[in-house]
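*Asks:* Numbering-wise (my numbering), the sequence shown opens with residue 142 and increments by one.
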Amino acid sequence: MSTPKTLVAGAGKLANEVRVGLGASAGHWTDRHALPPSAISKVTAVVHAGSGRELPEIVGFCRERGAVLIELSTGTDVAALAQGMPVVICPNANILMIKFMAMLARNGHWFRDCQIAITESHQANKTSVPGTAVAMAEALGVAPQAIVSVRDPAVQTSQLGLAPKDLARHAFHRIQIDDGACAITLETRVQGNTPYVDGVRRIIGAALSHPLENRPYDVLEFIDNGWL
Numbered sequence: 142m143s144t145p146k147t148l149v150a151g152a153g154k155l156a157n158e159v160r161v162g163l164g165a166s167a168g169h170w171t172d173r174h175a176l177p178p179s180a181i182s183k184v185t186a187v188v189h190a191g192s193g194r195e196l197p198e199i200v201g202f203c204r205e206r207g208a209v210l211i212e213l214s215t216g217t218d219v220a221a222l223a224q225g226m227p228v229v230i231c232p233n234a235n236i237l238m239i240k241f242m243a244m245l246a247r248n249g250h251w252f253r254d255c256q257i258a259i260t261e262s263h264q265a266n267k268t269s270v271p272g273t274a275v276a277m278a279e280a281l282g283v284a285p286q287a288i289v290s291v292r293d294p295a296v297q298t299s300q301l302g303l304a305p306k307d308l309a310r311h312a313f314h315r316i317q318i319d320d321g322a323c324a325i326t327l328e329t330r331v332q333g334n335t336p337y338v339d340g341v342r343r344i345i346g347a348a349l350s351h352p353l354e355n356r357p358y359d360v361l362e363f364i365d366n367g368w369l
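1) Could you tell me the distance, in whole angstroms, from the CA atom of residue 233 to the CA atom of residue 163?
2) Evaluate residue 348 with the Cβ neighbour count: other Cβ atoms within 10 Å of its Cβ, from every protein chain shown; 16 or more gives buried, anything less gives exposed.
3) Provide the residue span of the beta strand (DSSP E) that contains residue 305, from first to last.
4) Just confirm the distance between the C-beta atoms of residue 230 and residue 359, as a whole number of angstroms; I'd bet it's less than 8 Å.
5) With C-beta atoms as the reference, is residue 243 less than 8 Å away from residue 364?
6) List the DSSP bridge partners of residue 150.
7) Could you tell me which uninterrupted beta strand (DSSP E) segments, each at least 3 residues in length, are contained entirely in the stretch 281 to 341, listed from first to last along the chain?
8) Per DSSP, what kind of secondary structure is residue 260 in: helix, strand or coil?
9) Assuming contact is defined by CB atoms lying nearer than 8 Å, are residue 227 and residue 355 in contact in what I supplied?
10) Skipping 5 residues on each side, what residues in its chain have a beta carbon closer than 8 Å to that of residue 301?
11) Round the Cβ separation of residue 150 and residue 188 to the nearest angstrom and send it over; I've been treating them as touching at under 8 Å.
12) Taking buried to mean at least 16 other C-beta atoms within 10 Å of its own C-beta, is residue 311 buried or exposed?
13) Pull the bridge partners of residue 212 from the DSSP assignment, please.
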C-alpha cells in the first residue's frame with residue numbers, strides 16, 4: 142500500500158476528481174485512521190473540498206502535524222477557524238482562471254465608473270456559493286446580490302451557448318462592461334471531467350516549496366508572488 146502525502150476531504154465531484162487525479166500520492170481523509178503513525182507523519186497537505194462539517198477536525202490535524210490546508214470549498218469560515226496556521230483559500234483551482242481573477246483583482250477598479258453585469262452558470266445541482274463570481278464582483282465593485290446565476294439547462298443552452306454534453310459539469314462566467322460608447326464582454330468557460338486537478342497539484346507544490354507564514358493566503362497571492 143502506497144503512503145499518501147496528501148489527504149483529500151469531501152465526497153463530491155471536485156473531491157473525487159482531485160483524489161483520483163493525484164493518484165497514489167493522495168488518500169481519502171476518512172481513511173486516515175487506517176494509516177500507521179509512520180504514514181500519518183508523512184502527510185504534508187490536506188485538501189478540503191467538502192461541506193465544512195469536517196473542517197474543525199481537519200484544522201486540528203494540520204495544526205498538530207504542520208500540514209498545509211488547501212481550501213477548495215466556498216462559503217466556509219476557514220480563515221477564522223484556521224488562525225495561526227497556513228491555509229490557502231482557493232475560490233477557483235484552474236490556473237488560467239486564477240490568473241484571470243488576479244488580473245481583475247489588480248485592475249478592476251479601472252472600470253468602477255462603468256455599468257457592469259456579471260452572469261455565472263454552473264451545473265443545476267450546484268447549491269454552494271459561486272466563489273469565483275463573488276471574487277470577480279468584489280474586484281469590479283459589484284454587489285454580490287447583483288450577480289445573475291443560471292442553473293436552468295434550457296437557458297444555459299439557448300442563451301449562454303453551452304453544449305448539452307457540458308451541462309452536467311461546467312463553470313461559465315460572463316462580465317459585461319459598458320460606458321455608453323463602448324462595450325466589452327469577457328467570458329470564461331471551464332469544462333470537462335478534470336479541469337481542476339492539475340491546478341490543485343501545482344498549488345500544493347507551490348505551498349510546500351515556499352516558506353508560508355501562519356496565516357490565510359488567497360491563492361491569488363501565489364500568482365502575484367510568481368509561484369504559479
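No residue lacks a Cβ here, since even glycine has one placed at the ideal position from N, Cα and C.
*Replies:* Taking the definition as stated:
1) Counted from its first residue, the sequence shown places residue 233 at position 92. Counted from its first residue, the sequence shown places residue 163 at position 22. Residue 233 and residue 163: Cα-Cα distance of roughly 17 Å.
2) Stepping through the sequence shown from its first residue, residue 348 is reached at position 207. The residue is buried, with at least 16 neighbouring Cβ atoms inside 10 Å.
3) Position 164 of the sequence shown, counted from the start, is the residue given in the question as residue 305. From DSSP, residue 305 is part of no beta strand (DSSP E); its letter is neither H nor E.
4) For the purposes of this step, residue 230 is taken as the residue at position 89 of the sequence shown. For the purposes of this step, residue 359 is taken as the residue at position 218 of the sequence shown. Their Cβ separation, rounded to whole angstroms, is 6 Å, which keeps residue 230 and residue 359 in contact under 8 Å.
5) Looking up residue 243 in the sequence shown gives position 102. Looking up residue 364 in the sequence shown gives position 223. Against a cut-off of 8 Å, the Cβ pair of residue 364 and residue 243 comes out as a contact.
6) If you number the sequence shown from 1, residue 150 lands on position 9. Partner(s): 189.
7) Counting only runs that start and end inside the stretch 281 to 341, the beta strand (DSSP E) elements of at least 3 residues fall at 289 to 291, 311 to 319, 324 to 332.
8) Taking the first residue of the sequence shown as position 1, residue 260 is located at position 119. Residue 260: strand per DSSP, three-state reduction.
9) Residue mapping note: residue 227 aligns to position 86 of the sequence shown, counting from 1. Residue mapping note: residue 355 aligns to position 214 of the sequence shown, counting from 1. With contacts defined as CB atoms closer than 8 Å, residue 227 and residue 355 qualify as a contacting pair.
10) Position 160 of the sequence shown, counted from the first residue, corresponds to residue 301. So the list reads 260, 262, 291, 313, 315, once near-sequence residues are dropped.
11) As a first step, residue 150 must be located in the sequence shown, where it is residue number 9. As a first step, residue 188 must be located in the sequence shown, where it is residue number 47. Going by Cβ atoms, the distance from residue 150 to residue 188 rounds to 7 Å, so yes, they are a contact pair.
12) For the purposes of this step, residue 311 is identified with residue 170 of the sequence shown, where counting begins at 1. So residue 311 counts as buried.
13) Residue 212 sits at position 71 when you count from the first residue of the sequence shown. DSSP links residue 212 through a beta bridge to 189, 230.
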